[in-house]
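Chemist:
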Amino acid sequence: MPSGKDKSRSKRRVFVRTPAGKVKLHHVKRNDSKAQCAECGSYLLGVSHVRASRLKNIAKTKKRPSRPFGGNLCSACARKKIIERVRS
Amino acid sequence: MIEIGTLCVKTAGRDGNNYCIVVDKIDDHFVLIDGNVRRKKCNISHLEPIKKLDVKKGASTEAVCKVLEAEGIAIRQKGRPRKAAERLKKVRKQKKPLQKQKKKEEPKKEIKAEKKEKPKKIEIKEKPEE
Numbered sequence: 001m002p003s004g005k006d007k008s009r010s011k012r013r014v015f016v017r018t019p020a021g022k023v024k025l026h027h028v029k030r031n032d033s034k035a036q037c038a039e040c041g042s043y044l045l046g047v048s049h050v051r052a053s054r055l056k057n058i059a060k061t062k063k064r065p066s067r068p069f070g071g072n073l074c075s076a077c078a079r080k081k082i083i084e085r086v087r088s
Numbered sequence: 089m090i091e092i093g094t095l096c097v098k099t100a101g102r103d104g105n106n107y108c109i110v111v112d113k114i115d116d117h118f119v120l121i122d123g124n125v126r127r128k129k130c131n132i133s134h135l136e137p138i139k140k141l142d143v144k145k146g147a148s149t150e151a152v153c154k155v156l157e158a159e160g161i162a163i164r165q166k167g168r169p170r171k172a173a174e175r176l177k178k179v180r181k182q183k184k185p186l187q188k189q190k191k192k193e194e195p196k197k198e199i200k201a202e203k204k205e206k207p208k209k210i211e212i213k214e215k216p217e218e
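Those protein sequences? They're chains A and B, same order as listed. The numbers in the numbering used here rise by one with no breaks, and the one at position 73 of the first sequence is 73. Basically the numbering used here = 1-based index in the second sequence + 88.
(1) Under 7 Å, Cβ to Cβ, is there at least one residue of chain A near THR94/B?
(2) I need the DSSP call for GLY123/B, collapsed to helix, strand or coil.
(3) Name, please, each residue of chain A whose Cβ falls closer than 7 Å to the Cβ of ASN105/B.
(4) To the nearest angstrom, how far is the alpha carbon of LYS197/B from that of LYS177/B?
(5) Any C-beta of chain A within less than 7 Å: which residues of the region 134–154 of chain B qualify?
(6) Can you list, in chain order, the residues of the region 107–131 of chain B whose Cβ is nearer than 8 Å to any Cβ on chain A?
(7) Name the residue from CYS74/A, SER53/A, PRO19/A and VAL23/A whose alpha carbon lies nearest to the alpha carbon of GLY46/A.
(8) Please confirm whether VAL97/B has its beta-carbon closer than 7 Å to some beta-carbon of chain A.
(9) Tell me whether ARG17/A sits in a helix, a strand or coil according to DSSP, three-state version.
(10) Could you round the C-beta distance between VAL97/B and VAL110/B to whole angstroms and report it? I think they count as a contact, below 8 Å.
(11) Check ASP115/B in the structure and name its three-state DSSP category.
(12) Can you tell me whether DSSP reads ILE58/A as helix, strand or coil?
(13) Residues in the region 44–66 of chain A with C-beta within 7 Å of chain B's C-beta atoms, listed in sequence order?
(14) Using a C-beta to C-beta distance shorter than 7 Å, which residues of chain B count as neighbours of VAL86/A?
(15) Measuring straight from C-alpha to C-alpha, what distance separates SER33/A and ARG51/A?
(16) By how many angstroms is the C-alpha of LYS154/B removed from the C-alpha of PRO65/A?
(17) Tell me which residue opens and which closes the beta strand (DSSP E) that GLU136/B is part of.
(18) Excluding the five sequence neighbours on either side, which residues of its own chain have a C-beta within less than 7 Å of the C-beta of GLU136/B, listed in chain order?
(19) Between LYS129/B and the rest of its own chain, which residues show a CB-CB distance below 6 Å, the 5 nearest in sequence each way excluded?
(20) Mind listing the chain C neighbours of GLY101/B? Cutoff is C-beta to C-beta under 8 Å, in chain order.
(21) Going along chain B, which residues have a C-beta under 7 Å from ARG79/A?
(22) Less than 7 Å between the beta carbons of VAL152/B and GLY123/B, yes or no?
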């Protein structure tokens, strides 16, 4: 019988092949939700959304785009903001 | 319309939100820009024109920077060598070397080197018979 915590679907189920050659079921925590644009709410591309513990091993350049407002606004909204600032 | 000498703000890419001046026109869609950005070709749709300035075709980076300074735009230093932050290195504990017992230095014995003179062999040459 699986224990109570393993019956919950809040954790992802992953089949893992062990060194002994057997296939076992592992319960893994789910990844963080995707980052969204602060203006329009669309999902941001190029922003990694793994667990915080894995995030520290990823390079800074792989965590967000290197343009202004990168990781906060989508490219279209960032361009709009810049043009607004210039024209005002 | 974007022409040579137009002061612009770049709206896309990692040089976005920075001032630049159009230095050369490559074709209908691309121009060469310089200033607070990397000197490179750029799509016209990625530029927001502001006003026209007196800049010659193919002007150098220094000339462009002077024009920007005259307009009151602070110039961003490019290609500045960065100094890496000093990191604390872990110092490994080293084992103390075992203290060897010093041998008492004995005074060297005076070697009585008296070479015995070997008797010289006397070679007797035989005279050839006549």
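All C-beta atoms, glycine included, are put in the ideal place defined by N, C-alpha and C.
Modeler: In brief:
(1) no
(2) strand
(3) PRO68 and ILE82
(4) 53 Å
(5) GLU136 and ILE138
(6) none
(7) CYS74/A
(8) yes
(9) strand
(10) That pair is no contact at about 12 Å.
(11) coil
(12) coil
(13) SER66
(14) VAL97, GLU136 and ILE138
(15) 10 Å
(16) 31 Å
(17) 135–140
(18) CYS96, VAL97 and THR99
(19) ILE114, PHE118 and LEU120
(20) Reference to chain C is not applicable here, since the protein chains of this structure are A and B.
(21) THR99 and ALA100
(22) yes
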